[in-house]
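If you're matching positions, the sequence shown starts at 366 in the working numbering and goes up one per residue.
Here a beta-carbon is modelled for each residue, glycine too, at the ideal position from N, C-alpha and C.
Here the structure comes first, spelled out in C-alpha cells, and everything after it is commentary.
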Amino acid sequence: MHITKDLVAASATPLVLGILAEGESYGYAILKQVNELSGGQLEWTDGLLYPLLHRLERLGHVESAWETPPGGRRRKYYRITDQGRAELAEQRRQWATVVDALRGIWSTTNSIKPIMAPAWEAGR
Numbered sequence: 366m367h368i369t370k371d372l373v374a375a376s377a378t379p380l381v382l383g384i385l386a387e388g389e390s391y392g393y394a395i396l397k398q399v400n401e402l403s404g405g406q407l408e409w410t411d412g413l414l415y416p417l418l419h420r421l422e423r424l425g426h427v428e429s430a431w432e433t434p435p436g437g438r439r440r441k442y443y444r445i446t447d448q449g450r451a452e453l454a455e456q457r458r459q460w461a462t463v464v465d466a467l468r469g470i471w472s473t474t475n476s477i478k479p480i481m482a483p484a485w486e487a488g489r
C-alpha cells in the first residue's frame, strides 16, 4: 500500500511527538520506530524527519542536546518539552475527531467497508 505524501506529512508531527513522549531519542532511532509502528508502511527519510525536528525545536515543542553514550557515537538526542506535550494532546484531540468522522461516514456508506480500529486504539 502506498501512503500519500499529504497523509504522511499530516501525521508526522503527532508521530514524532508521541515517540518522544515515551522518552528521548535520536534521528535514526525515530526513523526505525516509525517504520516498526507502521508495520513497514511508513518509510520516512532523513529529508522528512530532520526538517520536522528542526521546526518542532524552533516552535519549542522539542529540545535537543549532543550526547555520547558510553561506547557509542556522538548523537543529537531530542526530547519533548512541556509545550510539546500540550501540542501532542491537541493533536490527539484533532486526530480523534478526524478518525471518528471517517468511521462515521464509512459505516453509513454501503460501498465502502468500515476500517478496523488501529492497534494503538484498542484500549480506548
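Query	Result
In three-state DSSP terms, what is Ile368?	coil
Determine which residues share a DSSP beta bridge with Ser390 and list them.	Tyr443
Does the Cβ-Cβ distance between Thr378 and Gln456 come in under 8 Å?	yes
Are three or more beta carbon pairs between the stretch 379 to 399 and the stretch 407 to 427 nearer than 8 Å?	yes
Do Glu452 and Leu382 come within 8 Å of each other at the CB atom, strictly closer than that value?	yes
Put Trp431 into one of helix, strand or coil per three-state DSSP.	strand
Can you name the start and end residues of the alpha helix (DSSP H) that His419 belongs to?	Asp411 to Arg423
Could you tell me the distance, in whole angstroms, from the CA atom of Ala492 to the CA atom of Pro435?	Residue 492 falls outside the range modelled here, since the chain spans only 366 to 489, and no answer is possible.
Report buried or exposed for Ile445, applying the criterion of at least 16 other Cβ atoms within 10 angstroms of its Cβ.	buried
Arg450 to Thr473, Cα distance in whole Å?	35 Å
Mark Val427 as exposed unless 16 or more other C-beta atoms lie within 10 angstroms of its C-beta, in which case mark it buried.	buried
Helix, strand or coil for Leu453, going by three-state DSSP, please let me know.	helix
Just the C-alpha distance for Leu372 and Asn400, rounded to the nearest angstrom, thanks.	15 Å
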